[in-house]
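With my numbering as the guide, the letters of the sequence shown map in order to residues 36 to 340.
We treat Cβ as the ideally placed atom computed from N, Cα and C, and that holds for glycine.
Written below as structure tokens is the structure these notes are about.
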Amino acid sequence: MKTLHTLNLSIVRKFVILTILIVYAVSGLCLVTALGALIGFFLDDYEKEGITQVQISGLLTYPSLFLGVGNIVFMPLAIAVGRRPVLLLSLLFLFISGILCATNQSLAWHLAARCVAAFSAAQCMALVLLIIQDVFFLHQRGRTFQLFSSFEVLLNFSLTIVSSYMSEALGWRSWYWLFTAIAGVYFVLAFIFVPDTDYPRPPSAERVLDTENFMPCTWRLDMRLAVVKSDFKKAIMTWKQMFEIWFFPMSSLVSPPYNWANATVSLIQIDQIIFAVLSVPMIGLSSDSFIQRKARLNRGIHEPV
């Protein structure tokens, strides 16, 4: 008998969840960010209505703003309330906004629908990584993150390439209908196969079959919207930390003992370029192997180094 904890799901169920999360992340981001390949198909129509290119470019710029706003709103809620409610709400809003984008009759309508889509898709990357961390064991996360990153990039760029050909053959609205269909189908799949993964994990928990604290795993229990009591103090703390980050890094670098010049503060991002190149081999199979080897040398217990 398996106890009710997402780490105890079968490996097949885990990879079904991973597949759903990959498509969710790709469809959400591609719906918002891949518009550049489609603008040429409706640019002339908007210009005939007297709309300038600057106004049309707002279809890209304003949704980008809502990507950030959505993260600020939804991720603290995912921590406070649970992952499943936020995931399902995001997919539902993506489905609705996709319909609004596909049926728009004006630039204002189009822009508003895209802003709703961006707000809905904002947390798709961060939420997916959080769920993966909840579902997979420590020694499996490296390869899982690697799989997610690889397939996310592959599918995202593939859909972007296909978008212009699809719009040429079927019209640019068909592109929105495609992502609307994906959001609708994967809302149903997520509702059925993705339980809430926010379970308490006390540090003192033993690796035994605990049927007192965790009930037997059943499909009916997986359908619950949330499994933990909401704690909005966590959301408030997360929002507080977000706002602190906006002001803290810059002031710390230009103050003693670092005393960086304002013009060179942006160089702090150089390490991100290096990390981007090295991350795939480092966080993939090699990190999993290292964690397992260290655990074996420490009586089966992994301790962060």
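Taking just the CA atoms, how far does F192 sit from L112?
Between L112 and F192, the C-alpha separation is close to 30 Å.
Provide the residue span of the alpha helix (DSSP H) that contains W207, from first to last.
Per DSSP, W207 belongs to no alpha helix (DSSP H) and is neither H nor E.
On the three-pair Cβ rule with 8 Å, is the region 148–160 touching the region 59–67?
With a cut-off of 8 Å, the region 59–67 and the region 148–160 count as touching, because enough Cβ pairs lie within range.
Rounded to whole angstroms, what's the CA-CA distance from M36 to F228? Just pull it up for me.
Note that M36 scores 39 on pLDDT, short of 50, meaning its location in the model is unreliable; the coordinates nonetheless yield the value given after this. Near 19 Å, if we compare the C-alpha coordinates of F228 and M36.
When the Cα atoms are used, what is the spatial distance from V170 to I114?
Roughly 15 Å separates the two Cα atoms.
With I168 as the anchor, note down where its alpha helix (DSSP H) starts and where it stops.
For the record, residue 168 in the displayed sequence is Gln; it is not Ile. Residues C159 to V170.
For A153, collect the residues of the same chain with a Cβ closer than 6 Å to its Cβ; drop the 5 residues on either side in sequence, then sort them by chain order.
Excluding sequence neighbours, A153 sits near V67, P98, F101 and L102.
Comparing C-alpha positions only, which one of F222, A218, I131 and T54 sits nearest to S185?
Comparing Cα-Cα distances from S185 to each of F222, A218, I131 and T54, the minimum goes to T54.
Alpha carbons only, please: which of N294, S202 and P291 is nearest the one belonging to A137?
If we check each option's Cα against that of A137, S202 comes out closest.
Can the beta-carbon of L142 be found closer than 7 Å to that of I217?
No, these two residues do not count as a Cβ contact at 7 Å.
To the nearest angstrom, report how far apart R119 and D266 are at their CA atoms.
Taking the straight line joining both Cα atoms gives about 15 Å.
Could you have a look at Y293 and say whether DSSP puts it in helix, strand or coil?
Coil, per DSSP.
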